[in-house]
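Numbering (mature numbering (1 follows the signal peptide of the UniProt record, and there is no 0)), first residue to last: -20 to -1, 1 to 327. Okay, structure first, notes after.
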């Protein structure tokens, strides 16, 4: 009976937390909200919540706003976060030990901020035709990264591809590599990478590759890497970091349509950019890239006040990679917004 009561209490708490996701999100800026499941947390961007999952056995630590070892999150007992009562989290009566997690992400849309780790997707499982699964890797404090394919069972590597893009703020093109050979190591400079697994067939199973930084230290700008697989209720407004006037910001954003290629005849994936902002001498900008699953294309750099009726439209059958850059000294409070949806081709 006690277990039933506890289960009902946790369920009520869990449901109330999910219901409160958007209500708990501040209307401006970026915030991180812990969830009852210690592996989960919500990233709030201007009032809209996007649920994320920590890799491996890591727990979300609300004190650091990062995924952390379970030993550093004492309010989590066997993976469940104790409810907060009157602003105080009850201390656990017992602790458990866990082994160090392997820093592995496995779900489309996940982001990992580590200097080494693994990206794994549908390992030993059949994938479906038409998938377009994206991940973001951001090295913690180094530049330059090696990628080694550990496991791979893709039957047709011309139609089903694993591509890694180096994400830059100033270049028009995104350097890229393809992983298709077991144990082969490839290298890309930089510290932020977008991984895209594209399938046109269902003739194979997934993959796992490892990444490791070259240990060349660099300074990192404030950044909010995000992957959106569904449309948000309101446009995504920039800058994402609130109360940071005059400070630099650099945000790599990946946008897909439900992590799938657009295969319906007559349909396209549309990105709208509102550029009704002023950025003197182009101190802030959007770089818009598209990837249709085969070819990457640099669409345009936007520095404000360029579109007709303040909106510009871009189209693809795949996904968009948007890089927002705000330089040091920029004083503008509003620097544009993004919106996206699937539309039929106009006649």
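The beta-carbon is built from N, C-alpha and C at its ideal position, and this holds for glycine as well.
Could you spell out where the beta strand (DSSP E) holding residue i opens and where it closes?
i, result
"residue 138", "Run containing residue 138: none; DSSP gives neither H nor E here."
"residue 293", "291 to 296"
"residue 108", "No beta strand (DSSP E) contains residue 108, which DSSP labels as neither H nor E."
"residue 393", "Since the first residue of the chain shown is -20 and the last is 327, residue 393 is not available in this structure."
"residue 25", "20 to 25"
"residue 46", "46 to 48"
"residue 194", "184 to 197"
"residue 233", "229 to 235"
"residue 324", "317 to 324"
"residue 271", "264 to 271"
"residue 280", "276 to 282"
"residue 162", "Run containing residue 162: none; DSSP gives neither H nor E here."
"residue 13", "10 to 14"
"residue 29", "28 to 33"
"residue 157", "156 to 158"
"residue 252", "247 to 254"
"residue 178", "172 to 178"
"residue 206", "206 to 208"
"residue 301", "299 to 306"
Give me the residue from the options with the minimum Cα distance to residue i.
i, options, result
"residue 283", "190, 176, 316 and 300", "316"
"residue 281", "254, 96 and 198", "254"
"residue 180", "204, 151 and 241", "241"
"residue 224", "311, 172 and 262", "311"
"residue 218", "276, 274, 15 and 314", "314"
"residue 46", "34, 56 and 57", "34"
"residue 215", "229, 235 and 230", "235"
"residue 8", "188, 222, 259 and 58", "222"
"residue 131", "99, 60, 141 and 187", "187"
"residue 137", "120, 151, 159 and 118", "159"
"residue 198", "261, 120 and 248", "120"
"residue 243", "4, 322, 307 and 285", "322"
"residue 266", "272, 297, 298 and 307", "307"
"residue 300", "309, 141 and 272", "272"
"residue 36", "14, 59, 293 and 230", "59"
"residue 31", "285, 44, 13 and 43", "13"
"residue 139", "292, 20, 274 and 189", "274"
"residue 164", "102, 189 and 42", "189"
"residue 202", "230, 196 and 43", "230"
Cβ atoms of residue j and residue i: under 8 angstroms apart, would you say?
i, j, result
"residue 177", "residue 93", "no"
"residue 149", "residue 184", "no"
"residue 39", "residue 18", "yes"
"residue 147", "residue 303", "yes"
"residue 10", "residue 220", "yes"
"residue 182", "residue 107", "yes"
"residue 295", "residue 250", "yes"
"residue 264", "residue 305", "yes"
"residue 145", "residue 239", "no"
"residue 61", "residue 16", "yes"
"residue 99", "residue 175", "yes"
"residue 261", "residue 268", "no"
"residue 324", "residue 237", "no"
"residue 135", "residue 172", "no"
Rounded to the nearest angstrom, how far is the Cβ of residue i from that of residue j, given a contact under 8 angstroms?
i, j, result
"residue 232", "residue 116", "6 angstroms"
"residue 96", "residue 192", "4 angstroms"
"residue 89", "residue 114", "7 angstroms"
"residue 129", "residue 85", "That pair is no contact at about 16 angstroms."
"residue 290", "residue 256", "4 angstroms"
query: If we count Cβ pairs, one from each stretch, closer than 8 angstroms, do we get three or more for the stretch 152 to 166 versus the stretch 194 to 212?
result: no
query: Just checking, does the stretch 115 to 131 make contact with the stretch 161 to 176 on the three C-beta pairs under 8 angstroms criterion?
result: yes
task: Decide if the stretch 306 to 323 is in contact with the stretch 27 to 41; the criterion is three or more beta carbon pairs, one per stretch, under 8 angstroms apart.
output: no
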